[in-house]
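Participant:
There are 2 protein chains.
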Amino acid sequence: MTAPLSFSVNARDGRARTGTLSMRRGDIRTPAFMPVGTAATVKAMKPETVRETGADIILGNTYHLMLRPGAERIARLGGLHKFMNWSRPILTDSGGFQVMSLAKLRKITEDGVTFQSHIDGSRHLLSPERSMEIQRLLGADIVMAFDECTPYPATPEQARHSMELSMRWAKRSRQGFDRLEGAAAGSALFGIVQGSTFENLRRESAAALLDIGFEGYAVGGLAVGEGAEVMFDVLDYTVPLLPEDRPRYLMGVGKPSDIVGAVRRGIDMFDCVLPTRSGRNAQAFTRRGTVNLKNARHQDDPRPLDEACRCSACRSYSRAYLSHLVRAGEILGAMLLTEHNLTYYQDLMQGLRDAIAEQRLDAFIAAFEAAQAEGNIAPMGAD
Amino acid sequence: MTAPLSFSVNARDGRARTGTLSMRRGDIRTPAFMPVGTAATVKAMKPETVRETGADIILGNTYHLMLRPGAERIARLGGLHKFMNWSRPILTDSGGFQVMSLAKLRKITEDGVTFQSHIDGSRHLLSPERSMEIQRLLGADIVMAFDECTPYPATPEQARHSMELSMRWAKRSRQGFDRLEGAAAGSALFGIVQGSTFENLRRESAAALLDIGFEGYAVGGLAVGEGAEVMFDVLDYTVPLLPEDRPRYLMGVGKPSDIVGAVRRGIDMFDCVLPTRSGRNAQAFTRRGTVNLKNARHQDDPRPLDEACRCSACRSYSRAYLSHLVRAGEILGAMLLTEHNLTYYQDLMQGLRDAIAEQRLDAFIAAFEAAQAEGNIAPMGAD
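One line per chain: the protein sequences are A and B, in this order. To convert, note that position 120 of the first sequence is 282 in the numbering used here; the numbers rise steadily by one, no gaps. To convert, note that position 139 of the second sequence is 301 in the numbering used here; the numbers rise steadily by one, no gaps.
1. Along the stretch 481 to 496 of chain A, what residues have a CB closer than 7 angstroms to any CB found in chain B?
2. Is there a Cβ from chain A that is less than 8 angstroms from the Cβ of G181/B?
3. Going by beta-carbon coordinates alone, are T215/A and E501/A separated by less than 8 angstroms?
4. What are the residues in the stretch 379 to 406 of chain A lying within 8 angstroms of chain B by C-beta distance?
5. Quick one: using the 10 Å Cβ neighbour count with 16 as the cut-off for buried, is A482/B buried or exposed?
6. Helix, strand or coil: how does DSSP classify K208/A here?
7. For a contact defined as C-beta to C-beta under 8 angstroms, what are the partners of P464/A on chain B?
8. Under the rule that 16 or more other beta-carbon atoms within 10 Å means buried, what is T505/A, buried or exposed?
9. Does E310/B come out as helix, strand or coil in the three-state DSSP assignment?
10. Just mark L523/B as buried or exposed, buried being the case when its beta carbon has 16 or more other beta carbons within 10 Å.
11. Could you spell out the range, first to last residue, of the beta strand (DSSP E) harbouring S170/A?
12. According to the Cβ coordinates, are L484/B and A475/B closer than 8 angstroms?
13. Let me confirm a value: M306/A is counted as buried when at least 16 other C-beta atoms fall within 10 Å, else exposed. Which label applies?
14. Within 10 angstroms of the Cβ of E531/B, are there 16 or more other Cβ atoms? Answer buried if so, exposed if not.
15. Out of curiosity, what's the CA-to-CA distance linking S480/B and P466/B?
16. Three Cβ pairs or more, each shorter than 8 angstroms: is that satisfied between the stretch 336 to 356 of chain A and the stretch 295 to 315 of chain A?
17. Nearest-angstrom Cα distance between R334/A and P197/A?
18. Taking the continuous alpha helix (DSSP H) assigned at N503/A, which residues delimit it?
19. Could you tell me which chain A residues have their CB closer than 7 angstroms to the CB of Y479/B, listed as they occur along the chain?
20. Reducing DSSP to helix, strand and coil, say where L467/B ends up.
21. Can you pull the chain B neighbours of T203/A, defined as C-beta to C-beta under 7 angstroms?
22. So, helix, strand or coil for S480/B, using DSSP?
23. Mind listing the chain A neighbours of K456/B? Cutoff is C-beta to C-beta under 8 angstroms, in chain order.
24. Pick from A173/A, A165/A, L167/A: whose alpha carbon is nearest that of D516/A?
25. List the residues of chain A whose Cβ lies closer than 9 angstroms to the Cβ of K269/B, in chain order.
26. Starting from R292/B and walking both ways along the beta strand (DSSP E), at which residues does that stretch end?
27. Apply the 10 Å Cβ neighbour rule to K208/B and answer buried if 16 or more other Cβ atoms are within range, or exposed otherwise.
28. Quick check for students: name the residue ranges of the beta strand (DSSP E) that lie wholly in the stretch 381 to 460 of chain A, counting only runs of 3 or more.
29. Check the Cβ of K417/B against every Cβ in chain A and list those closer than 9 angstroms, keeping chain order.
30. Are the beta-carbon atoms of I236/B and L229/B separated by less than 8 angstroms?
31. Please report the straight-line C-alpha distance between I527/B and L300/B, rounded to a whole angstrom.
32. Between A217/A and Q508/A, is the Cβ-Cβ spacing less than 8 angstroms?
33. At a Cβ threshold of 8 angstroms, is P551/A touching chain B?
34. Cβ of Q445/B less than 8 angstroms from any chain A Cβ?
35. Taking R186/A as the reference, which of A178/A, R250/A, E234/A has the closest Cα?
36. I354/B and S328/B: beta carbons closer than 8 angstroms?
Spelled out as structure tokens, the structure:
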């Protein structure tokens, strides 16, 4: 069996690192941001435009896809890549997080989670074995272990109980994945560290995962309301528990400042709905902070959203036009703002990669923070 | 003053003709279909994609744009072309049709129409002079005379009263347009023949317009519920009333079969919301008839929507995927189906132009009708 994934760290700056994750369907430059393609589409974007923003990999959601259009249907149609016309790597989550946040009448047992679809009320089961099977049917390049995302806040007892369940499920995920010959098909399995905000639990969880052995390691259970300071604190003691030669993925993060702080702490991969969801909600991320296109002052502003941005929304349109599209509820507004936000995120990742490669990450972060703060007070900048 | 527009007929087949309408911002191949860009955007499409479908000219709506974002605002921002990033010709309607179908508390007098905005209730006036001014502020290449679209059905008395008002407004439109030096700026003014379904009124209307003199002539007051047979009957006696050396525009038409029938009767230009609106409503036009992507049988169909189509929806995606996007309410579904429908319409126009140039229009139309009918009975075709 050839390794489904090879990871090389090309440069380091403090705990931060930049490198390349090589997979059968393409290379992923790290630190990497993965746009979220929940229902087999990065919302309001053609896949070729997603690629043009700089994305090397996208994320698909097991929970949504198993319910609609169904994993077996996607497999019959040739897999998720062909279905959605994205030939590069895809990471799928395990469904564990969303079954807890979206499904109805859910019941957790040792075996897994039974639930009703939020779409049509149909009954389903997600277990480590079924999650592996679904992700295999979809044809994911990176498969995530099935876990329980521990709710926040949690008592030490709740967090331990949840983490220990996730670790038993991690072992069953590994076994289920290996039985399905996912690795032989070129896909990799990542384990997920849980343990909430408790260092001893994170330590036990990381040790349990390393004992099982995964191609990469994710940090889960963060960005669930604990705040950036607590999140960074957890990363400070959790990241060093993970092997140097494996990619590290912080799930569901986050705002630009969260990503910058996590990269500094040694994280290699991110995903978040923020750039896409904000793009459909008139909210733009720029080099000078966030801009709300609903604000009246943009209606007569002939300038681009972000003068330094290469995206087509910034090259070809004014703030006045984007403001008009938002006010008129036009689909093109969602299209252009999503494209801009994803471009901004990818350019931020490229800036971080370059800064790490050139050993000037501290200066890059200082400049990033100053520009964001400037936007917050500048009369024509962010709002 | 140089002519704002030159029109050359390159070939004829019966009453049908193909030619080129040359304007400052580009050539328009006729017969031409103009996608509708109501609110300064062809809905769910980037302008570069509209161009890729084959559109030489698009239509903008005076009524919508005067209310939001406002004609003066667009003028301050450099005009509609720059605002919406479309550098080729734009035709704007006069607002006359939509003020009657969309506005509230409207009141028609000899002077014009006073009304309340359907968006915010603000009070406005549209008159021949104000319509010319607005279309000039927008920077339209082809400006339409302000008229009343006669409701259908109408008594001969109602139709005469309405037509005569429109002819007085046509004269004021010509005077208002000329005072604003629209022609000097490279734009052309089209008059609109009214008269409902009464041949004597259509004849009087055409004579009145020719007496005033316009750069092109539109047929208005059709596609308002009279049906294809009556519409074709009106065209049979109205088109020969119009000068051979000027472009003829059938407003608001239509279904592919309507366009084909009107081209055969000598019409050069069309506009309609059908391809764009249908694209947002899961309805696709294909070489084998219309396809409703909501139909369950498409869910597992790996074939493209239309195997002969060059658009990206047909080249890169299956019916199963398009069906999934529609069911999930994804924006990408509207994007891809709109792109497909506009491509289908533009390819139909190219087919008509080629057939006229090669004197085989009858054979082209027979093949078109046979393929559409076949789709209606084929098990995997249209529905």
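Every residue, glycine too, gets a C-beta built ideally from N, C-alpha and C.
Facilitator: Let's see:
1. A482, Y483, H486, L487, R489, A490, E492, I493, L494, A496
2. It does not; no Cβ of chain A falls within 8 angstroms.
3. yes
4. none
5. By the neighbour-count criterion, in which a residue is buried when 16 or more other Cβ atoms sit within 10 angstroms of its Cβ, A482/B is buried.
6. coil
7. Here the neighbours are L239, G240.
8. buried
9. Three-state result, E310/B: coil.
10. buried
11. 167 to 175
12. yes
13. Label assigned to M306/A: buried.
14. Counting other Cβ atoms within 10 Å of its Cβ, E531/B stays below 16 and is therefore classed as exposed.
15. 5 angstroms
16. yes
17. 28 angstroms
18. 493 to 519
19. Per Cβ cutoff of 7 angstroms: N247.
20. Here L467/B sits in coil by DSSP.
21. By Cβ distance, chain B contributes L487, E492, L494.
22. coil
23. Ordered by position in chain A, no residue passes the 8 angstroms Cβ test against K456/B, which lies about 14 angstroms from the chain.
24. A173/A
25. Ordered by position in chain A, no residue passes the 9 angstroms Cβ test against K269/B, which lies about 26 angstroms from the chain.
26. Looking at the DSSP string, R292/B is not in any beta strand (DSSP E); the run it does join, the alpha helix (DSSP H), is 290 to 300.
27. buried
28. 410 to 412, 431 to 434, 445 to 448, 451 to 454
29. Simply none; closest approach about 24 angstroms.
30. With respect to the 8 angstroms criterion, I236/B and L229/B are not classified as neighbours on the basis of their beta carbons.
31. Rounded to the nearest whole angstrom, the CA to CA distance from I527/B to L300/B is 38 angstroms.
32. yes
33. Absent from the structure is residue 551/A, since the part of chain A shown begins at 163 and ends at 545.
34. Closer than 8 angstroms: no.
35. Distance check between R186/A and each of A178/A, R250/A, E234/A places R250/A closest, using alpha-carbon atoms only.
36. yes
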